[in-house]
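Participant: In full-length UniProt numbering, the protein residues as written are 1 to 1279.
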Amino acid sequence: MDYKKLDLPNTNYPNQEQLKAFETAFDAFLETNQQENENHQNDAFNDLLKGVFKYKVKPTKKIDSTILNENNEVEVIIEFKALKNPNEFIKKGDLNVKAFHESLLSYLTERKEGNNNLKHLILATIKELYIIDANEFEVFNKDKEIENAFKNCHDRKGNDTRTKAFYDACQKRLNEFDRSLKYHYIPLKKENLALIYQALSPNFLLKIPKYSDANTLNKDFYEELLYILGLEEQNDKGKILIKPSRTQNSLSDALKKEYKNLDDEEVMALLIAWNNRILFLRLLESLLISFKHFENPFLTTENFENFNDLNTLFFEVLAKKNSERLPEIKEDKILEKIPYLNSSLFDKTPLELKGHEIKLLDNKKLEIYKNSVLKKHKDYQKEKPLPLLKYLFKFLRLYKFTTTPKDIKDNTDTSESRLINPSVLGLVFEKLNGYKEGSFYTPSFITSYMCKESITPIVLDKFNAIYQWDCENLKALRGEIDRNFSNEKAKEYLNTLLTLRICDPAVGSGHFLVSALNEMVRVAYELGLIASLYRYDLKLENDEIIIHHTPTGEIFNYIKPDSENDPHHHIQKELFNLKKSIIENCLFGVDINPNSCEITKLRLWIELLKYSYYIFEKGKNTNALETLPNIDINIKCANSLISRFALKDKALLKSEKNKNLEYSIAEYKELVKIYKDPKILETLTHPIKDSNAVRKYAKERLYQELKQNPNKDFKKALNDRIEKIKKAFKLTLNPPPKELKFKKFLKEHLELYGKSILEEANYNGLELEALALEKQMANLFFDYRPYPKLDKSDKVVGLEHFNRYVLTSYKDLQDENERYANALEWRFEFPEVLDDEGDFSGFDCIIGNPPYIRQEHIKDLKPLLEKQYQDFYNSTADIYTYFFALAFHLLKEKGFSAFITSNKYTRAKYGAKLREWLLKKTTIVSYMELNALKVFESAAVDTSIIHFIKQTPSKESEFKYYEPTPNDKDDLKSTPHLLMKQNVLSTESFIFANATLLDLRDKIESVGTPLKDWDIQINYGIKTGANEAFIIPTEKREEILNACKTQEERERTERLIKPILRGKDIKRYSYEWAHLWVINTHNGYTSSLKSKIPPIDIEKYPAIKAHLDAHYDTIATRCDQGDTPYHLRNCAYLEDFEKEKIVWASVGFVEYCMIPGLLILDTNYFFEVSKFGNTKNYLLGLLNSKLLTFWLKAKNTPLGDMGAYRNYKYNIMELPMVKITAKNKKIADKIIALVDKILQAKEKDPKANTQKLEKEIDALVYQLYHLTDEEIKIIEEGQ
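1. Alpha carbon to alpha carbon, how far is ASN585 from LEU310?
2. Using CA atoms only, rank isn't needed, just tell me which of LEU281, LEU1239, ILE1227 and ILE1274 is closest to LEU1260.
3. If we count Cβ pairs, one from each stretch, closer than 8 angstroms, do we get three or more for the segment 1078–1096 versus the segment 1143–1150?
4. On the CB-based measure, 16 or more other CB atoms within 10 Å of its CB, does PRO737 come out buried or exposed?
5. Please classify ASP27: does DSSP put it in a helix, a strand, or coil?
6. Contact check, GLU1024 vs ASP1120 under 8 angstroms by CB: the rounded distance?
7. Near PRO735, which residues of its chain fall below 8 angstroms by C-beta distance, leaving aside the five closest residues on each side in sequence?
8. Tell whether a beta-carbon distance below 8 angstroms holds between PHE616 and GLU564.
9. What residue range does the beta strand (DSSP E) around PRO457 cover?
10. For GLU856 and THR876, I'd like the C-alpha separation in whole angstroms.
11. In the DSSP assignment, the beta strand (DSSP E) including TRP1144 goes from what residue to what residue?
12. Can you give the Cα-Cα distance for ARG1052 and ALA1106, rounded to whole angstroms?
13. Using a Cβ-Cβ cutoff of less than 6 angstroms, which residues in the same chain neighbour residue 1282 once the five nearest sequence positions on both sides are dropped?
14. Residues bridged to MET928 by DSSP?
15. VAL74 lies in the beta strand (DSSP E); which residues open and close that run?
16. By DSSP, does TYR784 sit in helix, in strand, or in coil?
17. Within a Cβ cutoff of 7 angstroms, which residues of the same chain sit near ASN322, ignoring the five residues on either side of it in sequence?
18. With distances taken Cα to Cα, identify the nearest neighbour of TYR810 among ALA44, ALA728, PHE745 and PHE1137.
19. Looking at the secondary structure, which residues open and close the alpha helix (DSSP H) in which ALA199 lies?
20. Starting from ASP537, follow its DSSP beta bridges and name the residues at the other end.
21. At which residues does the beta strand (DSSP E) containing TRP1077 begin and terminate?
22. Tell me, please, which residues DSSP counts as bridged to MET980.
23. Measure from the alpha carbon of ARG535 to the alpha carbon of each residue in ALA28, PRO567 and SER640, then state which is nearest.
24. What are the complete beta strand (DSSP E) segments, minimum 3 residues, inside the segment 981–1058?
25. Would the beta-carbon of GLU832 fall within 8 angstroms of that of ARG501?
26. Return helix, strand or coil for ASN322, following the three-state DSSP convention.
27. Enumerate in chain order the residues of its own chain whose CB-to-CB distance from ASN303 is below 7 angstroms, with the five nearest sequence positions on each side excluded.
28. Compare the beta carbon distance of TYR961 and HIS977 with 8 angstroms and say whether it is the shorter of the two.
29. Mind checking LEU49: buried by the 16 CB within 10 Å criterion, or exposed?
30. Helix, strand or coil: which one does DSSP assign to CYS1119?
31. Grouping DSSP H, G and I as helix and E and B as strand, with all else coil, what is PRO327?
32. Could you check where the beta strand (DSSP E) with GLU1168 kicks off and where it finishes?
33. Roughly how many angstroms separate the alpha carbons of ILE1275 and ASP844, rounded to a whole number?
34. Hey, how far is the Cα of SER532 from the Cα of ILE186?
35. Where does LEU1158 sit, in a helix, a strand or coil, going by DSSP?
36. Entirely within the segment 544–618 and at least 4 residues each: give me those alpha helix (DSSP H) ranges in chain order.
Dropping the structure here:
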């Protein structure tokens, strides 16, 4: 076992008052005589814990010192050692010492007595602390050797019951463990005062959370915000969607009353835009107060009395530079202080440009929400309905919006439920944004882990390639940088870092890009490239950058500076410019949902806003903040999976018509840079002066564009110029086949018949098409000139040619244009990934959480996916699988990809091509199974994370397999891992196990014959499509039978209602019937004697029909039905249900039973066994054996953390079953006899304990498969 020291998470940094009180108590502790005995020193430490943190510190019968909870249960075990016993305590990080063994004995004692509340163990002297999470010790609780040694010692059983014997056994076993044990180390020195406080605080030691986790939605805030906006969550077939509510005088109600012609989609678009602005403003207000820019909040009804005032704030203040504001705004003491930030958040939306602004809304009184935060505050408890805007401002005021590290850390006066930081807002934005499809927010602990694991390797790869270094980690890279350091070199290294290109092709709320931004800042700091942070410590916590002054531990906090030389001003300015450069150069995103794109921009602006700094002119603070860049050009709204132009298309540089293309590409790149930095636009004066020829040319063209259109603003002119270049660039690429075909026919037509036929078309009902063609011709051909009229006497032939060829191909092209209207042309949309010749060079990293949309919901998209991903396409694959292929195409060679997705692709049939592609074309770096972690609260899908490199794998290529538990959430990277060779994975299914397990699996397969070769047919149970109607309890059955009018009808009806079993009713060797019945109104079938059995005539069963009529809306609209809503779907094997069969649940624990004529639901599978005679018992015994359970688990992935499995037909069909032969008949007969005994026992009592008999069967099965003792041990210990 090795021992890994972890940094302490900054969960509870003390405020000054707390630190001062702790310092007094700690000084008293330090005065303890170091020569005193162990008990005396331990008492001094206990006094510190009791005095400062009010812990209940007491010994128990068997443990010298513990921290107890209010129920007197041990939560922390303390093992204290005197300095005069140095051999018993830890030295140089080696924890395999007596103090550790003693704490382990205490831990096992508590666990044996049923204590599940242990949080930490402390190993201490008067000079140092080692703190270990109690979960780290659970591995010892499950170890057989330690368990035996503990029993000998604790229970006084065995030959050697001495405590020392237990310690000796521990010492030996710890040396044998092949895993890491994590711990925190804190020297008890005065300079570590704040750190010691955090380590001993309840927030860390007892795991009591103090402030709002960035991974958790603040439900109180979210629900009341929805109420005020006039929205509500609705459950639509399992999806939680957000739609306008009927709340009177809410924002949506006021909006619909003012603008009666808006549909729900338009209402949502306006509400989201306004909500985004208001929440952004609330964060801005918080920031400006922390800067000391404002002393008091400005977002109040005193300043903004109605919605017209709010509209003025949006468009006359925040949308305009100070110099462009109206005189009355410049003179207003509040408005004139609100800085211009250059955020397109305050550009009018298309609906607002049509006049649908917030200014006309009525500010009527809104009832206070039933669970309002206002009702919990003494100042508002008696409040009656409030005007809408006043309610909104008061509601926002009661939550502490935070933007600065100090706000986030030093919030002792703020309860967890009231803290709103940008990450929590991210969840709110994401939930509102997902109002259509029910999207899932990726929590911070996932995005941070994925970004760190992706960005570090590509940084190392880039620096190693450019500078011919061979660094394996950031520390080594920092060493090389330090050895070659100069100010000029530092700029060069930073520019190298800024050449990274990272893209999220399904960007959602932008959470991955935010994490990538902060991770890149951390990397820059680790490499020593942030000069102002000399003597400062920078860490990432919960997706937030936290900066401490190293000597004092003080948290960095920027306030309005008086001097430009203020060190805090330098830090703020450097971090702003670094973040700005990373956002502009390195981060790119695409999403099909325009709201997602807006929220991503908003999240990135907020990240920059946190580090906005004051501008100085001539040494004087102007009170103006640095403006935000135009980052919207890096976030595209489109379908990222679909493109018309192939990435590998080369620009046709050599042709005469494209001789200026190289210059156009350079101009394109410059224009995008200019677009992002609004300051460059402000310097656009004539004549243009610039030493860079390309930039000068770009500015000159832009200047001419503005001169010709003086009413255009800079941004619009820039956009227009960029679009012109993209259109020209398209013409240099090979056009799509349908466009080529159309051009060919049109050119041919013009040469044969001139334009006369186009004119003739006007008289044949084709006016629009002809007119459209006429307008397009100049764009379609570089060498286009109006063709002369040709005197063709036979215009009928020309018109027929026009109809058959030109018009048909034109319509085909228009249809294709419509299908691709929302496509993203990766080939030229991001100039940052084009080389100087205009060729696509690719991204360094593709990262994200692709959407969870099932294949049946993407029918319209499938033809385009099939065309684009020909070697990859599978008609039954869910949409997320195509993002793997997209990532591969978008990456540079040796580029890095990281996705969190459903894990079904590792075993499902539709994932076969993806598995083959991953194994042959990529190098897998790591795979993390997340079944034990509930990553997405509302998503009923098991997930995994995969990291891979775009690189053909070598034969020896290895990857790390992780399976974290909830205890690993804080440090996913430190989860114990299994190192696996990539070539042991199979395209049939990805099985993650060590080589020994895989060899055993292969041996079992070599001995057995797959069940599919045993002449059996596996079928699923009855599908009703509406269980609530067709599955009934005994009481309802009796009610139906009693409603029958005659005895004949009753008997007929009784025969039709059959007992049925669900998946959960199936047990090992038996079943527990839940007294449920199925109304078997079958749709007809062919009997075993080949006679046609007609469908049930429902009119002959009036009592059943009356029951089903009560559920008519349900049964009539279901998919699975027969000829009428009353009939079940066709079932060709209906008679097989009456025969003896082996049954198992399709999802659950691996258990089989044999049942006679009972029907089963479609949550079960079965195969009929009456033809097997006694062999059926043999089959049942093998199926329930530990060996085949082991094999099935080795071929499958557990669901969630319960250990259940998908036992689908294709899995069971592959079970390797040993056939009975002359050689093994004696063993087989014994198995058959034992199964018979079990079945007899279970028939008398379904809950009879048959474990002894089952154990005998297991032993016989091991003999059948020729297993060694070591192989048997693997299976037995793996159960």
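Even glycine gets a Cβ: it sits at the ideal position worked out from N, Cα and C.
Remember, predicted model here, so these are calculated numbers, not experimental data.
Facilitator: Reading off the structure:
1. As a position in the sequence shown, residue 585 is number 585, starting the count at 1. As a position in the sequence shown, residue 310 is number 310, starting the count at 1. So the alpha carbons of these two residues sit roughly 34 angstroms apart.
2. Along the sequence shown, one-based indexing puts residue 1260 at 1260. LEU1260 has its Cα closest to that of ILE1227, out of LEU281, LEU1239, ILE1227 and ILE1274.
3. At 8 angstroms Cβ cutoff, the stretches do not touch.
4. Along the sequence shown, one-based indexing puts residue 737 at 737. PRO737 should be labelled exposed.
5. Within the sequence shown, numbered from 1, the residue matching residue 27 stands at position 27. For ASP27, the secondary structure class from DSSP, reduced to helix, strand or coil, is helix.
6. Numbered from 1 along the sequence shown, position 1024 holds the residue referred to as residue 1024. Numbered from 1 along the sequence shown, position 1120 holds the residue referred to as residue 1120. Strictly speaking, residue 1024 in this sequence is Thr, with Glu absent from that position. In this structure THR1024 touches ASP1120 by the C-beta definition: roughly 7 angstroms separates them, less than 8 angstroms.
7. Position 735 of the sequence shown, counted from the start, is the residue given in the question as residue 735. The residues are LYS743.
8. As a working mapping, residue 616 is identified with position 616 in the sequence shown. As a working mapping, residue 564 is identified with position 564 in the sequence shown. Less than 8 angstroms divides the Cβ of PHE616 from the Cβ of GLU564.
9. The count along the sequence shown starts at 1 and reaches residue 457 at position 457. Taken as a continuous stretch (DSSP letters only), PRO457 belongs to no beta strand (DSSP E), being part of the alpha helix (DSSP H) at 444–467.
10. Numbered from 1 along the sequence shown, position 856 holds the residue referred to as residue 856. Numbered from 1 along the sequence shown, position 876 holds the residue referred to as residue 876. Roughly 8 angstroms between the two C-alpha positions.
11. What you label residue 1144 is simply residue 1144 of the sequence shown in a count that begins at 1. Annotation: the continuous beta strand (DSSP E) that includes TRP1144 extends over 1141–1145.
12. By one-based count along the sequence shown, residue 1052 stands at place 1052. By one-based count along the sequence shown, residue 1106 stands at place 1106. Answer to the nearest angstrom: the Cα atoms are 15 angstroms apart.
13. Since the displayed the chain opens at 1 and closes at 1279, residue 1282 lies outside it and no answer follows.
14. As a first step, residue 928 is located in the sequence shown; it is residue number 928 there, counting from the start. Its beta-bridge partners are ILE945 and TYR962.
15. Looking up residue 74 in the sequence shown gives position 74. Annotation: the continuous beta strand (DSSP E) that includes VAL74 extends over 74–80.
16. One-based indexing of the sequence shown puts residue 784 at position 784. Since pLDDT at TYR784 reaches only 41, below the 50 mark, its modelled position is unreliable, and the value read off the structure follows with that caveat. The answer is coil: DSSP assigns TYR784 none of H, G, I, E or B.
17. Counting from one through the sequence shown, the residue named residue 322 turns up at place 322. Only TYR340 and ALA624 meet the Cβ criterion.
18. Against the sequence shown, residue 810 aligns to sequence position 810. When each option's Cα is compared against that of TYR810, the closest is PHE745.
19. If you number the sequence shown from 1, residue 199 lands on position 199. Per DSSP, the unbroken alpha helix (DSSP H) holding ALA199 starts and ends at 193–200.
20. Position 537 of the sequence shown holds residue 537. Answer by DSSP bridge pairing, in chain order: HIS548.
21. Counting from 1 along the sequence shown, the entry for residue 1077 is found at position 1077. Here the beta strand (DSSP E) through TRP1077 covers 1076–1079.
22. For the purposes of this step, residue 980 is taken as the residue at position 980 of the sequence shown. In DSSP, MET980 forms a bridge with PHE959.
23. As a position in the sequence shown, residue 535 is number 535, starting the count at 1. Here the closest residue by C-alpha is PRO567.
24. With a minimum length of 3 residues, the continuous beta strand (DSSP E) runs that stay inside the segment 981–1058 are 1031–1033.
25. Against the sequence shown, residue 832 aligns to sequence position 832. Against the sequence shown, residue 501 aligns to sequence position 501. Yes. Within cutoff.
26. On the sequence shown, residue 322 is found 322 positions in, with the first residue counted as 1. In the structure shown, ASN322 sits in a helix (DSSP, three-state: H, G or I).
27. Here residue 303 is taken as the residue at index 303 of the sequence shown, counted from 1. If we look at ASN303 and ignore the five residues flanking it on each side, its Cβ neighbours are ILE334.
28. Looking up residue 961 in the sequence shown gives position 961. Looking up residue 977 in the sequence shown gives position 977. With a cutoff of 8 angstroms on beta-carbon distance, TYR961 and HIS977 are scored as near each other.
29. Working through the sequence shown from its first residue, we reach residue 49 at position 49. Classification for LEU49: buried.
30. Here residue 1119 is taken as the residue at index 1119 of the sequence shown, counted from 1. Here CYS1119 sits in coil by DSSP.
31. One-based indexing of the sequence shown puts residue 327 at position 327. Helix at PRO327.
32. Here residue 1168 refers to the residue found at position 1168 when the sequence shown is read from its first residue. In the DSSP assignment, GLU1168 falls within the unbroken beta strand (DSSP E) covering 1164–1168.
33. One-based indexing of the sequence shown puts residue 1275 at position 1275. One-based indexing of the sequence shown puts residue 844 at position 844. C-alpha separation (whole angstroms): 43 angstroms.
34. Translated into positions along the sequence shown, residue 532 becomes position 532. Translated into positions along the sequence shown, residue 186 becomes position 186. Their backbone Cα atoms lie some 28 angstroms apart in a straight line.
35. For the purposes of this step, residue 1158 is taken as the residue at position 1158 of the sequence shown. Assignment of LEU1158 by DSSP, reduced to helix, strand and coil, places it in the coil class.
36. The segment 544–618 contains these whole alpha helix (DSSP H) runs: 567–586 and 594–609.
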